[in-house]
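Step one of this worksheet: look at the structure below.
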Amino acid sequence: MKNYFSINDIDSLDTWVEEAIALKQNPLTNKDLGKDKTIGLLFFNPSLRTRLSTQKAALNLGMNVMVMNFTGEGWSLEYGDGTVMDQGNSEHVKEAAQVVSQYCDVLAIRAFASLKNREDDYSEKVLKSFMEFATIPIVNMESAAGHPLQALTDAITITEHKKANKPKVVLSWAPHPKALPQAVANSFVEMMQQMDAHFVITHPKGFELANHITKEVPIDYNQDNALKDADFVYVKNWSSYHDYGKIGKDSSWKITEEKMKHTANAKFMHCLPVRRNVVVDDKVIDSENSIVIEQANNRTYAAQLVLKKILEKQ
Ligand code: CP
Numbered sequence: 001m002k003n004y005f006s007i008n009d010i011d012s013l014d015t016w017v018e019e020a021i022a023l024k025q026n027p028l029t030n031k032d033l034g035k036d037k038t039i040g041l042l043f044f045n046p047s048l049r050t051r052l053s054t055q056k057a058a059l060n061l062g063m064n065v066m067v068m069n070f071t072g073e074g075w076s077l078e079y080g081d082g083t084v085m086d087q088g089n090s091e092h093v094k095e096a097a098q099v100v101s102q103y104c105d106v107l108a109i110r111a112f113a114s115l116k117n118r119e120d121d122y123s124e125k126v127l128k129s130f131m132e133f134a135t136i137p138i139v140n141m142e143s144a145a146g147h148p149l150q151a152l153t154d155a156i157t158i159t160e161h162k163k164a165n166k167p168k169v170v171l172s173w174a175p176h177p178k179a180l181p182q183a184v185a186n187s188f189v190e191m192m193q194q195m196d197a198h199f200v201i202t203h204p205k206g207f208e209l210a211n212h213i214t215k216e217v218p219i220d221y222n223q224d225n226a227l228k229d230a231d232f233v234y235v236k237n238w239s240s241y242h243d244y245g246k247i248g249k250d251s252s253w254k255i256t257e258e259k260m261k262h263t264a265n266a267k268f269m270h271c272l273p274v275r276r277n278v279v280v281d282d283k284v285i286d287s288e289n290s291i292v293i294e295q296a297n298n299r300t301y302a303a304q305l306v307l308k309k310i311l312e313k314q
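In structure tokens, the structure reads:
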């Protein structure tokens with residue numbers, strides 16, 4: 001595997017999930033695989049879980065880790081071809097990607113959507129430019145339109161907790177005071193289409209994700225109805241794709257104890273960070289059915305599996 005850009009880079013999901021669960025049992029099994037190899041983690045946006053779990057994953061494989069918060073610390077990058085760089089940007093991604101490739105063996109990047117221009121965001125300019133000009137493998141730590149490390153984590157977590165062969169999984173939109181990207185929801189939707197699950201999406205009208213992501217997945221605009229008999233409730237806010245970046249604050253979509261009563265004693269999932277009592281009530285996220293902390297723990301094993309696959313090809 002050269003890059004881990006999207007979940008389409010997973011060649012056999014069942015095998016990967018099985019391998020990640022095995023890594024969780026013995027995380028130091030491959031502690032020499034990354035000896036004398038270096039991973040660079042470039043962050044254009046904040047992170048807690050992705051930064052620390054990817055670092056931990058690399059350390060478990062014996063790699064050296066270099067982390068750079070690009071925004072504020074790095075030169076502002078230019079991506080345009082043939083641009084006369086007499087404005088704000090100081091360095092072209094062509095040089096930056098090639099230079100970093102000399103210092104590292106693997107490069108992982110986080111670069112969120114701007115939510116200003118949909119076409120620009122969904123072109124995945126930052127990740128794709130680095131993939132074009134770097135000479136080392138690139139790992140997506142959340143790009144404008146996808147968060148494939150989170151989606152692999154979610155597949156692992158659902159597999160560990162599912163009781164039925166084909167569980168009912170509901171992705172529910174929830175309110176948020178700020179405009180958030182669609183990246184987590186997009187990759188989760190793509191992942192659920194790969195898994196054996198009865199999968200339903202619920203959100204208010206106007207918050208449809210891109211058709212090329214949702215394809216044939218059923219959408220129910222009635223949250224209570226969608227939650228009926230669910231085994232897993234995956235909650236996430238996203239801003240509008242069609243009215244690009246429009247915020248959704250409808251508090252009637254907040255996940256409450258009452259709403260969870262519609263489910264089949266469902267597990268509550270969220271990628272975190274989460275705004276308590278806006279997205280979900282304390283009583284739900286603090287309940288014994290909440291698996292958000294374990295979900296966050298699985299970020300390490302998803303990242304470790306991806307890095308292991310890359311290192312095995314080097
Ligand atoms: N879920 C997730 O990606 O968390 P961070 O933004 O803290 O990395």
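Everything in the sequence shown is counted per the working numbering, starting at 1 for the first residue and increasing by one.
Beta carbons: idealized from backbone N, C-alpha and C, even for Gly.
query: Inter-residue spacing [alpha-carbon to alpha-carbon] between Glu-190 and Lys-267; result: 20 Å
query: Contacting residues, own chain, Cβ-Cβ under 7 Å from Glu-160 (five flanking each side not counted); result: Ile-21
query: Chain-order list of residues whose beta-carbon lies under 6 Å from that of Thr-153 (same chain, five-residue window excluded); result: Asn-298, Arg-299 and Ala-302
query: Same chain, Cβ closer than 7 Å to Leu-305, neighbours up to 5 away in sequence not counted; result: Trp-16, Glu-19, Ala-20 and Leu-23
query: Alpha helix (DSSP H) segment containing Ile-158, residue limits; result: 148-161
query: Rounded separation between Ile-293 and Ile-285 - CA only; result: 10 Å
query: Lys-309 in three-state terms, based on DSSP; result: helix
query: Selected residue, minimal CA-CA separation from Arg-275, among Lys-261, Thr-263, Val-169 and Lys-254; result: Lys-254
query: Beta-carbon proximity list for Lys-283, same chain, < 6 Å, skipping 5 on both sides; result: Glu-257
query: DSSP three-state assignment for Asn-69, whether helix, strand or coil; result: strand
query: Proximity to Ser-101 [Cα-Cα], best of Ser-172, Lys-37 and Pro-27; result: Lys-37
query: Asn-45 versus Gln-25: straight-line alpha-carbon distance, rounded; result: 31 Å
query: DSSP state of Ser-76 mapped onto helix, strand, coil; result: coil
query: Cross-strand partners of Gln-172 (DSSP beta bridge); result: A small fix is needed here, since residue 172 is Ser in this sequence, not Gln. Beta-bridge pairing links Ser-172 to Thr-202 and Val-235.
query: Reduced DSSP secondary structure (H/G/I, E/B, other) of Leu-48; result: coil
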